[in-house]
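What follows is a short report on a single structure.
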Amino acid sequence: MTKGAPGGDEIQFRSDVTVELVRSSASDADVLFAARVSTLGEQSLDVALDGGSSEGAAPRDRGLINYLMRDRHGSPFEHNSMTFYVQAPIFVFREFMRHRIASYNEESGRYRELRPVFYVPDDGRALVQVGKPGAYEFLPGSAEQHALVDASVREVAAHAYRSYRAMLDAGVAREVARMVLPLDLYSSMYVTMNARSLMNFLSLRRRAEGSTFPSFPQREIELCAEKMEAAWERLMPLAHAAFVGHGRVAP
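This is the structure in structure tokens:
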């Protein structure tokens, strides 16, 4: 933590992300009633899940979800909703919002004073890129490289925030002062999506064994994806198991 910014602010550094499931209406039963309406009409709600819960699901329930995933009948996976609260560096959000399959609301640097919290990679973050886009991997850096990254990130962030505060103290508008802040500044947002959209996101933003189409995400957005997947697995274990079992391909 670095102290001494104008205005008495303490500059903070983090190496993690925050992901919290704040609201949800999502269960395996949502998939089943949506799928069975084609043959049962309104009665599909009454027999949405034979066993009453995912743990007690009948084989026919598991079989139907598995069939829908395997043959990519995706629309029944859309009748649910999950809202996550995410804190992460701004560069992560720019990757997030390339996914036009969710609803986003992010905090605004025009309307609030931005907090001096910045991302700095920890020692476990791979630093060296080998190969070319689409066929590369990241390898651990040397101790000297890690020291250089750590010192550089902290120095630039502290200088940028001091400049930001100096402009605010001089009466400059927030929307102008924020221009000097770097992409490793933390922001926060709510993101809402359904299970089908989340599967699409996970298929691209997690590097996981057994994936039909391997992905090579930036590690920081993968941290978000890991936490979102863990929350979804708790809500919809049958759908999650079918997703993993069929190569992590969104239906």
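The numbers in our numbering rise by one with no breaks, and the one at position 69 of the sequence shown is 118. We put the CB at the ideal spot given by N, CA and C, even for glycine. From a predicted model like this one, the values you see are computed outputs, not experimental measurements.
Should residue i go down as buried or exposed, given a rule of 16 or more other Cβ atoms within 10 Å for buried?
i, result
"Phe262", "exposed"
"Val177", "exposed"
"Arg147", "exposed"
"Val225", "exposed"
"Leu188", "exposed"
"Pro182", "exposed"
"Ser157", "exposed"
Report all residues from its chain with a CB closer than 6 Å to the CB of residue i; omit the five preceding and five following residues, and keep chain order.
i, result
"Asp58", "Pro165"
"Gly100", "Any answer about Gly100 is weak, because its pLDDT of 46 lies below 50 and its placement is not dependable; what the coordinates show is given next. Excluding sequence neighbours, Gly100 sits near Ala106 and Ala107."
"Asn115", "Ala291"
"Glu144", "Ile270"
"Ser212", "Val229"
Could you pull the DSSP bridge partners for residue i from this structure?
i, result
"Val135", "Val68 and Met238"
"Arg63", "Tyr168"
"Phe187", "Gln178"
"Ser130", "Ser74"
Near residue i, which residues of its chain fall below 8 Å by C-beta distance, leaving aside the five closest residues on each side in sequence?
i, result
"Tyr185", "Gln178, Val179 and Phe265"
"Thr132", "Leu70, Val71, Arg72, Ser73, Tyr239, Val240 and Thr241"
"Glu282", "His289"
"Phe62", "Met50, Thr51, Val166, Phe167, Tyr168, Val169, Val202, Arg203 and Ala206"
"Arg255", "Ser264, Pro266, Glu271, Ala274, Glu275, Glu278 and Arg297"
Going along the chain, which residues of its own chain have a beta-carbon closer than 7 Å to the beta-carbon of residue i, five neighbours each way excluded?
i, result
"Ala279", "none"
"Cys273", "Val66, Val68, Val135, Ala137 and Val141"
"Ala209", "Val229, Leu230 and Pro231"
"Arg121", "Pro300"
"Met277", "Val68, Phe133 and Leu247"
Just checking: is the beta-carbon of residue i within a distance shorter than 8 Å of some beta-carbon in chain B?
i, result
"Arg143", "No chain B appears in this structure, which consists of one protein chain only."
- [ ] Check whether the segment 149-167 touches the segment 229-242, taking contact to mean three or more Cβ pairs, one atom from each stretch, closer than 8 Å.
- [x] yes
Open item on the list: Tell me whether the segment 242-250 and the segment 136-143 touch, counting them as touching only if at least three CB pairs, one residue from each stretch, are closer than 8 Å.
Closed with: no
Open item on the list: Can you confirm whether the segment 65-82 touches the segment 151-161 when touching is taken to mean that 3 or more C-beta pairs between the two stretches lie within less than 8 Å?
Closed with: no
Task: Completely contained beta strand (DSSP E) runs for the segment 201-269, where each covers 3 or more residues - done: 235-242
Open item on the list: Pairs of beta-carbons, one from the segment 202-215 and one from the segment 166-173, closer than 8 Å: are there three or more?
Closed with: yes
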